[in-house]
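Accompanying notes for the structure given below.
Number of protein chains: 2
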Amino acid sequence: MDAALKALAEPRRREILRLVWTRELPATSIADHFGEVTRSAISQHLGVLKAAGLVSERRDGTRRLYQARQDEMRMLRDFLNDYWTTGLERLRDVAEAAQRDKGATDGRAHP
Amino acid sequence: MDAALKALAEPRRREILRLVWTRELPATSIADHFGEVTRSAISQHLGVLKAAGLVSERRDGTRRLYQARQDEMRMLRDFLNDYWTTGLERLRDVAEAAQRDKGATDGRAHP
DNA sequence: CCTAAGATTTAGTTGACACTTACGTAAGTA
DNA sequence: TACTTACGTAAGTGTCAACTAAATCTTAGG
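In order, the protein sequences belong to chains V and G.
Anchor point for the first sequence: position 31 equals 31 in this note's numbering, and the numbering is continuous, going up by one each time.
Basically this note's numbering = 1-based index in the second sequence + 1000.
As structure tokens, then:
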């Protein structure tokens, strides 16, 4: 999860992910799409994406075909939907701390 | 958008966002939740979150109250849903490149 | 005015990361 | 075997981000 979000924080990797969203592509074709960057750099990005579970790799002769793992992306989307609203009991101690904070001065911003 | 994803890539910031998801909290209360980090560090994280538009800041006396901007988070979620499937016409040139790649040898490795 | 509380800002350090160049390797081809 | 293609990996460099400590700002209250 951490790895996935970190991987997506890089614009180049997002673009790669989009390139292989609907089809398999060999590393070279992907790299060709980025004229301003070395093939090696793209290879490293692909490694990060693969380590994060966001792409799959399949070998075909000397080539390696990459494709996005849409299921993992869906999990990430669900994480963004749910993470903030789950485990809210954790907030209790902070709420108490805030309460303590204001208890002395009574009623400025929040009850 | 870029800034938002980058902001979320940091676990500490995600936790902060969760703390202020349902309520306003002063910076001190937030910092108290992270025993192992300085208030200064938290303040800087809050600055990043605010610059990314993920939290709002309101002043109350000497305190500054922060709260998550859930609308922005929803936009981010929608981005994750749509980005990959929009602008697919961009893929055409890559598709052509791949086609060229295989066309010569008719579906083997490479010319 | 003076002081304290709450919070940000400013160096300055350290580690992570994106990148390039150079090299290594596996698989196909002549 | 020798050559070429398609990759990954290693090593080195520059930049950026997260952190600490110290300084600064702002507001409240005596």
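Backbone N, C-alpha and C define an ideal beta-carbon position, used for all residues, glycine too.
C-beta atoms of residue i and residue j nearer than 8 Å
i                 : j                 : result
Leu49 (chain V)   : Leu17 (chain V)   : yes
Leu54 (chain V)   : Ala7 (chain V)    : yes
Ser1056 (chain G) : Arg1069 (chain G) : yes
For residue j and residue i, the rounded distance between their alpha carbons
i                 : j                 : result
Asp82 (chain V)   : Asp1071 (chain G) : 14 Å
Ile42 (chain V)   : Glu24 (chain V)   : 16 Å
Asp2 (chain V)    : Gly61 (chain V)   : 33 Å
Arg1063 (chain G) : Glu36 (chain V)   : 47 Å
Thr22 (chain V)   : Ser1029 (chain G) : 46 Å
Phe1034 (chain G) : Thr1086 (chain G) : 40 Å
Asp32 (chain V)   : Gly1047 (chain G) : 38 Å
Leu1005 (chain G) : Leu5 (chain V)    : 7 Å
Gln44 (chain V)   : Arg1059 (chain G) : 45 Å
Asp78 (chain V)   : Trp84 (chain V)   : 11 Å
Ala27 (chain V)   : Pro1011 (chain G) : 31 Å
Residue-chain proximity (residue i, chain G), Cβ-Cβ < 8 Å
i               : result
Tyr66 (chain V) : no
Leu76 (chain V) : yes
Leu80 (chain V) : yes
Asp71 (chain V) : no
- Going along the chain, which residues of the segment 5-39 of chain V sit with their C-beta nearer than 8 Å to a C-beta in chain G? Residues passing the 8 Å Cβ filter: Leu5, Lys6, Leu8, Ala9, Pro11, Arg14, Leu17, Arg18, Leu19, Trp21, Thr22, Arg23, Leu25, Pro26, Thr28, Ser29, Ile30, Asp32 and His33.
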